[in-house]
Structure formats: structure tokens, C-alpha cells
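Chemist: Here my numbering is used: the first residue of the sequence shown is 273, the next is one more, and so on.
Heads up, the beta-carbon is just placed ideally off N, CA and C, and yes, glycines get one too.
Before I ask anything, let me first share the structure, which is written out below as C-alpha cells.
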Amino acid sequence: MPPVCDPFGRPRVQDLREELRLTGYRLVLALHAEGPPGKDGQYPPRDLFILGADGTVLRRLTETPDKDERVPRTSPDGRRFTYDYGDFVVDARTLASRPARAGYVWTPDGRRTAACEKRGIVYMDIDTGKESEPVKVPRKVEIVDLSCDGKWFIFEIRDFMGQKYTIDFLAADGSGEIRKLPNHPKSGGECHPAFSPDGRWMCWNSGDSLSVRRFDPSLPDGTDGKIVTLPKEKLGQDPCGRWSHCGRYIAFVKIPHAGSWRVHSPVGIVRVADGETVVISPPGMAGHHWDYDWLPPEE
């Protein structure tokens, strides 16, 4: 991981798929055969696949027709990832998997995960399962990311501080109040925030697309006020971004604007600098919110 991410750095190769191939990045995706949900309203169970960032399928990781595997989450050091909200942990090099008792959000050292329970924020050792004493917080929140310095949690709250949707942050030690980031100037839903790997940027669903802005908790609003909204016609609604390790690319799910955000859809990658996108999920396969995360190149 570079000390500073440069989301808006000039493209190195104009063809995005080729540029992604040259990075050597891989992704873990939770996918199922594309199609409408069944009579019960449920989609078929998803399985995990390892792909190259250019869309090359490298390996099928799970095959569980009676169990839905989803929501992979890579540790900041790229050595491991969890899935099923921390029920399993996988070695990113060997792809060996084992059951775990973990939270969804990793700590910067890749040794613990965090979750906010009724008792407060609890840290769990990924190897031993040992829990920390709860860190008391002003209210229970569904934390979705932790900054790379381990100091700030980010999340979304509904009906908070006079707004239907808000993106908010809180000191990881539980001190201070919950702080609200400014809403996008285009009113509407805002959700699924994520920090860049260096913690200096964040993306979140807003403006009928995916938006990017700086994160700086030393500022009164937590940001400098500048927002870049990526092309909505290319990203669709509720893209739910996950940053690459270099901060130049964001993986997302391309849900059509016409219809419900619940529709499972193809997974793509956007280059932040110019808004170019490619679909990387195999033809005929679909996933949903955060059914994808980045892995470093193979050693």
C-alpha cells in the first residue's frame, strides 16, 4: 500500500482492462447465475470466485448449492479475507479456509476485527477468537469501515440530525460524539461508505451514483467540501464501492437505475481518474452489495 493514494492520478494505460491486467490485482467475488429471484423472492445461493482484475477467472473457491456465501472482506495487509460477515477466514496466498468468529471490519494490523454490539464496540482476535472489553459508544451503529490509522469508524445512520440519510464517523476509542459528514448536494439516499487504503479519501453511494471526497477529521465537517460524483450512467444506482490497494480503482455492482436496488447485477471496476468502467464478473453471473473485495497480486 502506498503511503498516499492518488485516486485522480493520470491513467497509465488508456485501455482500462489492460491497465488492470498489468497491476496483477485479484478480486474475490460472491456470484450466482444471473436471473430473477425465485417465487420466495430469494436469489440462488452465491459461491466465491477468485478473479484477475481484468476479469480472468482464476479459481472457484466454494461450491455450496445449499448455502449462500457472500460479503468477502480483505484485511488491510492483503494476507487474509473473511466472508459471510466473519464466519470464515481465508489465507489469501494458499486460499485455505477455516471457520472463524470475527466481525466484518478489520483493524489495520490484520490481526483483529471489530463490530458494534449492544455493549459497545468489541474487537475480536482473528486467530484466538478472544474478545476485548467493550468500548462504550453513544449509540449502537452498524460500522462499515475503519481508517488505516485505526482511529475512525465510518458508518451510516437513518433519521439522524434532521436528515433521512447520513454518513457519519466516530473516534474508535469511543470518545467524543458521532459526527455527521455533509450530505451530497443532490438529495436522495446515501449509504455504504468506504475509506481509501490510506484513509485520506472516502467513497459512498450518493448523487444517484458513487461519489468520492477527502476525509479529514481535523476539519469541522470532516471533509473539505469538494465532491466528485462518478458517471451515474456507467455505475448505476447503489454501486457500493470497494477501493483497490493503490486507491486508483473502485469495484462496484452495476444495478440499473430503472427498478429496485435489490436486483442482483454484474460487478465492475471504475477508474476514478476518468470514470472509465469495465465489467469483470463472468457473463451470466451476478452479485450484490459488497459481494467483492480486492486481493494483492499472487506472490
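Please classify residue 529: is it buried, with 16 or more other beta-carbons within 10 angstroms of its beta-carbon, or exposed?
Modeler: Looking at its Cβ environment, which holds fewer than 16 other Cβ atoms inside 10 Å, residue 529 is exposed.
Chemist: Name, in chain order, the residues that DSSP records as bridge partners for residue 441.
Modeler: BP columns for residue 441 point to 426 and 451.
Chemist: Evaluate residue 413 with the Cβ neighbour count: other Cβ atoms within 10 Å of its Cβ, from every protein chain shown; 16 or more gives buried, anything less gives exposed.
Modeler: Buried, because 16 or more other Cβ atoms sit within 10 Å of the Cβ of residue 413.
Chemist: Can you name the residues that DSSP bridges to residue 377?
Modeler: Answer is 386.
Chemist: Candidates 425, 454 and 539: which alpha carbon is nearest residue 555's?
Modeler: Taking only the C-alpha atoms, the option nearest residue 555 is 539.
Chemist: Which partner residues of residue 322 appear in the DSSP bridge assignment?
Modeler: BP columns for residue 322 point to 300 and 331.
Chemist: Enumerate in chain order the residues of its own chain whose CB-to-CB distance from residue 425 is below 6 Å, with the five nearest sequence positions on each side excluded.
Modeler: Around residue 425: 415, 418, 442 and 444.
Chemist: What did DSSP end up calling residue 336 once you bin it into helix, strand or coil?
Modeler: Residue state, collapsed to three classes: coil.
Chemist: What is the C-beta distance between residue 335 and residue 356, in whole angstroms, given that I count them as a contact (C-beta under 8 Å)?
Modeler: Between residue 356 and residue 335 the Cβ distance is about 15 Å, and since that is not below 8 Å, they are no contact.
Chemist: Considering only their Cβ atoms, is the gap separating residue 281 from residue 545 smaller than 8 Å?
Modeler: Yes, they are a contact pair.
Chemist: What's the C-alpha gap between residue 338 and residue 316?
Modeler: Whole-angstrom Cα-Cα distance: 9 Å.
Chemist: Using a Cβ-Cβ cutoff of less than 7 Å, which residues in the same chain neighbour residue 558 once the five nearest sequence positions on both sides are dropped?
Modeler: The residues are 303, 304, 306, 536, 537 and 538.
Chemist: If you reduce the DSSP assignment to three classes, tell me which class residue 505 lands in.
Modeler: Reduced to three states, the DSSP call for residue 505 is helix.
Chemist: Quick one: give me the first and last residue of the alpha helix (DSSP H) that residue 354 is part of.
Modeler: Note, residue 354: premise wrong, no alpha helix (DSSP H); beta strand (DSSP E) at 352-355.
Chemist: Examine the Cβ distances between the region 475-490 and the region 283-302 and report whether three or more of them are shorter than 8 Å.
Modeler: They do not touch, by the three-pair rule.
Chemist: Any idea which residues DSSP pairs residue 432 with across the strands?
Modeler: Answer is 435, bridged to residue 432.
Chemist: Only counting the same chain, and skipping five residues up and downstream in sequence, which positions put a Cβ closer than 8 Å to that of residue 504?
Modeler: Correct list, in chain order: 479, 480, 481 and 529.
Chemist: Thinking residue 506 and residue 549 are a contact (beta carbons under 8 Å), I'd like their distance in whole angstroms, please.
Modeler: So it is a contact: roughly 5 Å between Cβ atoms.
Chemist: Can you name, in chain order, every residue of its own chain whose Cβ lies under 8 Å from the Cβ of residue 372, other than the five neighbours on each side?
Modeler: Answer for residue 372: 354, 358, 359, 360, 361, 398 and 401, listed in chain order.
Chemist: Are there 16 or more other CB atoms within 10 angstroms of the CB of residue 320, so buried, or fewer, so exposed?
Modeler: The residue in question, residue 320, is buried, as its Cβ has 16 or more Cβ neighbours within 10 Å.
Chemist: What's the call for residue 526, buried or exposed, on a 16-neighbour Cβ count within 10 Å?
Modeler: Looking at its Cβ environment, which holds 16 or more other Cβ atoms inside 10 Å, residue 526 is buried.
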